[in-house]
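Colleague: One structure coming up, written as structure tokens, with questions to follow.
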Amino acid sequence: MKRFTTILSALLLSAAALAESPVKVSGTAIIQSAYLWRGEKVCEVNFNPVLEASVGGFTAQAFAYLPFNGTYKEIDLDLFYTLGPWQFHVADYFIRFANSPVKENYFDFSKQTTGHLFEGIICYSPEAVPVNAKWFTFFFGDWMPEPDGSRGKPTFSSYLELEAYHDFDAWGRGSFVLGSSILKGPYTAHTKDFAVIHCELRYTKTLELGAVKVPLSVSYLVNPYARTTFMNAGVGVSF
């Protein structure tokens, strides 16, 4: 009984602290020369809006990738909790191609026709060392394709990303990013248990103009598995 009372008291204190925390809301609008995702080009020049709300250690994001040519649409939701250097995410990616023969239905979660992918994500960003580590695993939406084109068993495919960075004070940040596909993911057409698919040099800088921020980015990317290379640039406004 004493143990239960202690746990209940801790939960009530956490809830009270969360209730007293102010809700912070922000928005960002970015234009990119391309949407590059884990070593692949998904679409050309696109608009990338981001809406974010946070309270306590919890953050909710809604964001999208909307190419100007209208061939693709991606609407994503991400809910995560920050605990010291750790972040724990659950993300929902809703993907729609303009030439899809299936009528769009955001609320369709049936295996053979859904456009949703759900992913669990763990991130580690220690303060003492300029590195970030991220692990991603699909738990819904990524199924092994069958010979007849239908969706078979879930793959639970994963992606590991490691980043080393250096901050140049007021001159922005330079990063080297290395990403690998694990457990026969869609990045290798579900054929390889392991493949290095993402090597990137990235430079980012944010200009502060009063209450408005202007994020800038440029990157050079090589996919060793696919033997492809890309460059990308983006500019936006945050408020």
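Per this note's numbering, residue 308 is the first one in the sequence shown, and the count goes up by one each step.
Quick reminder that beta carbons are idealized off the backbone N, C-alpha and C, glycines included.
(1) So what does DSSP say about Tyr-413, is it helix, strand or coil?
(2) Classify Tyr-527 as helix, strand or coil using the three-state DSSP reduction.
(3) Is there at least one non-hydrogen atom of the ligand GTP closer than 7 Å to the beta-carbon of Asp-455?
(4) Could you give the distance in angstroms between the alpha-carbon of Phe-546 and the alpha-carbon of Ala-367?
(5) Measure from the alpha carbon of Tyr-510 to the alpha carbon of each residue in His-497, Thr-498, Asp-476, Tyr-494, then state which is nearest.
(6) Just to confirm, are Ser-340 and Asn-539 a CB contact at a threshold of 8 Å?
(7) Taking C-beta to C-beta, are Pro-356 and Phe-375 nearer than 8 Å?
(8) Would you say the segment 481–499 touches the segment 513–521, given that touching needs at least three Cβ pairs under 8 Å?
(9) Give me the Cα-Cα distance between Phe-401 and Val-409, rounded to the nearest whole angstrom.
(10) Relative to the alpha-carbon of Ser-526, which residue among Glu-426, Ala-440, Tyr-342 has its alpha-carbon at the smallest distance?
(11) Helix or strand or just coil, what does DSSP make of Pro-461?
(12) Apart from the five residues just before and just after Met-308, which ones in its own chain have a Cβ nearer than 7 Å to its Cβ?
(13) Would you kindly check if the distance between the Cβ of Glu-515 and the Cβ of Gln-528 is under 8 Å?
(14) Mark Ala-502 as exposed unless 16 or more other C-beta atoms lie within 10 angstroms of its C-beta, in which case mark it buried.
(15) Which residues mark the beginning and the end of the beta strand (DSSP E) in which Ala-367 is found?
(16) How close, in whole Å, do the beta carbons of Leu-469 and Val-438 come, if the pair is a contact with beta carbons under 8 Å?
(17) From this set, Thr-535, Met-451, Leu-384, which residue's C-alpha is nearest Lys-499's C-alpha?
(18) Reducing DSSP to helix, strand and coil, say where Asp-476 ends up.
(19) Thinking just about the alpha-carbon of each residue, which of Phe-445, Tyr-372, Gly-517, Val-332 is nearest to the one in Leu-350?
(20) For Tyr-494, which of helix, strand or coil comes out of DSSP?
(21) Using a threshold of 8 Å, state whether the C-beta atoms of Phe-463 and Thr-444 are closer than that.
(22) For Ala-533 versus Ile-504, is the C-beta distance shorter than 8 Å?
(23) Nearest to Asn-330 by CA position, among Glu-381, Ser-361, Leu-390, is which residue?
(24) Under the rule that 16 or more other beta-carbon atoms within 10 Å means buried, what is Thr-536, buried or exposed?
(25) May I ask which residues mark the beginning and end of the beta strand (DSSP E) holding Ala-540?
Modeller: The relevant details are as follows:
(1) Looking at Tyr-413 - three-state DSSP - the assignment turns out to be coil, as it is neither helix nor strand.
(2) The answer is strand: DSSP assigns Tyr-527 an E or B state.
(3) For the ligand GTP, the structure offers nothing, since it holds no ligand at all.
(4) Using only the alpha carbons, I get a separation of about 16 Å.
(5) Cα-wise, what sits closest to Tyr-510 is Asp-476.
(6) Yes.
(7) No, the pair does not count as a contact, with Cβ atoms beyond the cut-off.
(8) Counting C-beta pairs closer than 8 Å gives fewer than three between the segment 481–499 and the segment 513–521, which falls short of the contact rule.
(9) Looking at the two C-alpha atoms, the distance is approximately 14 Å.
(10) For Ser-526, the nearest C-alpha among the options comes from Tyr-342.
(11) In the three-state reduction of the DSSP assignment, Pro-461 falls in the strand class.
(12) Unreliable placement is indicated for Met-308, whose pLDDT of 48 sits below 50; no coordinate value is reported for it.
(13) According to the sequence displayed, residue 528 carries Leu and not Gln. No. Outside cutoff.
(14) Burial of Ala-502 is indicated by the presence of at least 16 other C-beta atoms within 10 angstroms of its C-beta.
(15) Per DSSP, Ala-367 is one residue of the beta strand (DSSP E) stretching across 365–374.
(16) Right, their Cβ atoms sit about 7 Å apart.
(17) Selected option, being the one with the closest Cα: Met-451.
(18) In this structure, DSSP gives Asp-476 a helical state, which the three-state scheme calls helix.
(19) Inspection of the sequence shows that residue 350 is occupied by Cys rather than by Leu. If we check each option's Cα against that of Cys-350, Tyr-372 comes out closest.
(20) The answer is helix: DSSP assigns Tyr-494 an H, G or I state.
(21) Cβ atoms of Phe-463 and Thr-444: closer than 8 Å.
(22) Contact: yes.
(23) Before going on, a small fix: residue 330 reads as Val here, not Asn. For Val-330, the nearest C-alpha among the options comes from Ser-361.
(24) With fewer than 16 other Cβ atoms from the protein chains shown falling within 10 Å of its own Cβ, Thr-536 counts as exposed.
(25) Counting along the chain, the beta strand (DSSP E) containing Ala-540 begins and ends at 535–545.
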